[in-house]
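Below: the structure, in structure tokens.
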DNA sequence: TATACAAAATGAAACGTTTCATTCTGTGAA
DNA sequence: TTCACAGAATGAAACGTTTCATTTTGTATA
């Protein structure tokens, strides 16, 4: 029959025959005489003592908890991001409070308040709505990709502009002459909008005529794509474009399936490069949905945590860009992939 | 210039001109005179007061926090499970501490201790190693799928046996005569092992000769599959099997791609049904990788949380099984899918 | 052996809640 | 007007830590 309630530091102190403060020091790694340290450690083991997080939090006002506000974890990009955030926090002895807000503004705000309430040490936000004005001023926060007006908040993102250029350059390198661009964008502004600017810049630079789908995201994306393809058929049924840069892997894969179903050969007739670098099962490096400009998810997550946990004295940069990179995923005529 | 530190209940009491206990009552919804309630509510708004979770936790020893221990979130099944757990907790005003243990035994144990340390209100575990003997006895816990010896712990799982039967029955219904079974199993026992029993039972029942791959999970799965296919070619190059029930969608999809690359037509020559019901992007109901016996993820998650949060007085069932269901995903000759 | 001083140990106070035994208030009956 | 009593309000104590001003211990020197 062990005592019902958990042992406290006081119990440990009594068991070890030392003072409360000495126990505290041992627990927090503050030097103490060898003799007492051993006595305390023995007592801790004997009583199976564990610190009470609440009592500690009450004194220190620190929780070792970081909230991640994200739409969901089922989208493969979010899933990978979450995974890497978790790992980066774990490395630092921090724990992750996961907040799936489904992109619903009210839920995002709710979670923001909850996080403040719960005295988390910081927030990493990947949100859809304009939460800028709801962020508690005292709470350390890092935002992925999004841009908020009227509020200086450290942001981390991929270098989407360069990534957009890179997509075009890769398509040209693999023999394309008429790369198009397709996007179904959200209404909320962020760094990822610059993929489009990169495409346009590269077209200008290499003397190409831009051609694209650029619509607000919709359930009707498929019929818009079908329409676009129909309008780009020559009389002999061949297509006027031979390359596709898709704003996301998601829509790129959709376009890919559509082309296949219409008898277009990929990558022989049309090559496709997406953006994001999402993986089918997430456990291997080589299971991309399509060839892609990959976001460096691991580094992005690491950077978010790094900025969040950096000393208060250091003013974090307002925007940190990390380079995106190309990876072969089956939808390009990539000579390097045929080794 | 607002005061630097957060206001406390004492500040609210002073502002409202009432006692500490009165403020506490208002905050916790305990009846108080109308007059005082209004005064306190006004003061809370005026000071922008928020309860300190630590002080409260110290008194109540409750955290409203539930830890989910899971290998990762990038595997689409785990991702979906995590998502639904989060939703089920949110509904009940609970929050989610996400612990990705990568299936590493030490990390799983670490997280288990951490959760106990952090006084979470409960744990939901989907683990790989035999953590049974490391579970703190006082901590409410629900386990998904896994079975632990020497420890009665409430478990939730899909009805894998019936699911295995269903897979065979569906293949037969769609015209298969020789369904095979393939699995690359983990060494740790769980309910999902019964998929195999279901296959064998159905074979017996319908007078079929079982034929299968049944290996320990390996990076070499692909070459084992290739081998198997080679050995099942007839002299005229046709295959001796016409249906595949894969223990997981993951390996089923791998087998599917392999068959395609070898010129086998799916579903014309061979039909494939997997297990799990994982989705490519997680945002639609119709983007399965392959036709599948789907685990009812949402209900499974809901059930886990329900059991975890049920009254202490109620003894939870030691094993709860929820039915899996078939869904068309392109690799079967499913008449219903051709409407 | 006596003294001085640094190092170690001590334990009371404080963190912000909840709880509960006590006091106060207001109303209706006498 | 006084009394009784239920309902409301009060605020001290407790939760289990950390912190820090104070005391004790141990060592080196005179």
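Chains as they are written, first to last, in our numbering: chain A, 81 to 419; chain B, 81 to 419. Cβ atoms here follow ideal geometry from the backbone N, Cα and C, with glycine treated the same way.
Using 9 Å as the threshold, is the C-beta distance between residue i and residue j below it?
i: residue 297 (chain A); j: residue 264 (chain A); result: yes
i: residue 132 (chain A); j: residue 99 (chain A); result: no
i: residue 331 (chain A); j: residue 320 (chain A); result: no
i: residue 289 (chain A); j: residue 327 (chain A); result: no
i: residue 151 (chain A); j: residue 208 (chain A); result: yes
i: residue 355 (chain B); j: residue 242 (chain B); result: no
i: residue 156 (chain A); j: residue 358 (chain A); result: yes
i: residue 276 (chain B); j: residue 286 (chain B); result: no
i: residue 137 (chain A); j: residue 251 (chain A); result: no
i: residue 206 (chain B); j: residue 223 (chain B); result: yes
i: residue 387 (chain B); j: residue 371 (chain B); result: no
i: residue 301 (chain B); j: residue 279 (chain B); result: no
i: residue 130 (chain A); j: residue 108 (chain B); result: no
i: residue 255 (chain B); j: residue 351 (chain B); result: yes
Spatial neighbours of residue i within its chain, please: C-beta separation below 6 Å, excluding the five flanking residues on both sides.
i: residue 160 (chain B); result: 377
i: residue 147 (chain A); result: 177, 179, 195, 200 and 203
i: residue 103 (chain B); result: 89, 92, 93 and 120
i: residue 294 (chain A); result: 263
i: residue 83 (chain B); result: Residue confidence is low: residue 83 (chain B) scores 42 on pLDDT, short of 50, so the model does not pin down where it sits. No coordinate-derived value is stated.
i: residue 96 (chain A); result: 119, 120 and 123
For residue i, which of helix, strand or coil comes out of DSSP?
i: residue 229 (chain A); result: coil
i: residue 212 (chain A); result: helix
i: residue 365 (chain A); result: coil
i: residue 259 (chain B); result: strand
i: residue 81 (chain A); result: Note that residue 81 (chain A) scores 33 on pLDDT, short of 50, meaning its location in the model is unreliable; the coordinates nonetheless yield the value given after this. DSSP places residue 81 (chain A) in coil when its eight states are reduced to three.
i: residue 154 (chain A); result: coil
i: residue 298 (chain B); result: coil
i: residue 98 (chain A); result: coil
i: residue 278 (chain B); result: helix
i: residue 270 (chain B); result: strand
i: residue 186 (chain A); result: helix
i: residue 320 (chain A); result: coil
i: residue 254 (chain B); result: coil
i: residue 351 (chain A); result: strand
i: residue 333 (chain A); result: helix
i: residue 345 (chain A); result: coil
i: residue 170 (chain A); result: helix
i: residue 292 (chain B); result: strand
i: residue 356 (chain B); result: strand
i: residue 221 (chain A); result: strand
i: residue 326 (chain B); result: strand
i: residue 314 (chain A); result: coil
i: residue 413 (chain A); result: coil
Name the DSSP beta bridge partners of residue i, please?
i: residue 309 (chain B); result: Answer by DSSP bridge pairing: none, since residue 309 (chain B) is not bridged.
i: residue 133 (chain A); result: Residue 133 (chain A) pairs with nothing; no bridge assigned.
i: residue 202 (chain B); result: B:146
i: residue 405 (chain B); result: B:374
i: residue 180 (chain B); result: B:150
i: residue 400 (chain B); result: B:236
i: residue 265 (chain B); result: B:296
i: residue 125 (chain A); result: Bridge partners of residue 125 (chain A): none, in fact.
i: residue 117 (chain B); result: The partner list for residue 117 (chain B) (beta bridge, DSSP) is empty, contrary to what the question assumes.
Apart from the five residues just before and just after residue i, which ones in its own chain have a Cβ nearer than 8 Å to its Cβ?
i: residue 390 (chain A); result: 396
i: residue 164 (chain A); result: 377, 378, 380, 381 and 382
i: residue 175 (chain A); result: 144, 145, 146 and 169
i: residue 400 (chain B); result: 234, 235, 236, 237, 383 and 387
Quick one: residues in its chain with C-beta nearer than 7 Å to the C-beta of residue i, no 5 flanking neighbours on either side, listed in chain order?
i: residue 340 (chain B); result: 346
i: residue 425 (chain B); result: The requested residue 425 (chain B) does not occur in the structure, where chain B is confined to residues 81 to 419.
i: residue 367 (chain A); result: 359, 360 and 361
i: residue 398 (chain B); result: 232, 234 and 235
i: residue 304 (chain B); result: 293 and 295
Item to check | Given 8 Å, three or more beta-carbon pairs between the stretch 363-380 of chain B and the stretch 209-222 of chain B | outcome: By the Cβ test, the stretch 363-380 of chain B is not in contact with the stretch 209-222 of chain B, since fewer than three Cβ pairs between them sit closer than 8 Å.
Checklist entry - If you pair each beta-carbon of the stretch 378-387 of chain A with each one of the stretch 233-247 of chain A, do three or more pairs fall below 8 Å? => result Enough Cβ pairs lie closer than 8 Å, so yes.
Next on the checklist: Three or more C-beta pairs under 8 Å: does that hold for the stretch 167-181 of chain B against the stretch 113-128 of chain B?
Outcome noted: Contact between the stretch 167-181 of chain B and the stretch 113-128 of chain B is absent: fewer than 3 CB-CB pairs across the two stretches fall below 8 Å.
Next on the checklist: Across the stretch 340-347 of chain B and the stretch 405-417 of chain B, are there enough close Cβ pairs to call them in contact, namely three or more that are closer than 8 Å?
Outcome noted: Yes, since at least three Cβ pairs between the stretch 340-347 of chain B and the stretch 405-417 of chain B fall closer than 8 Å, the two stretches touch.
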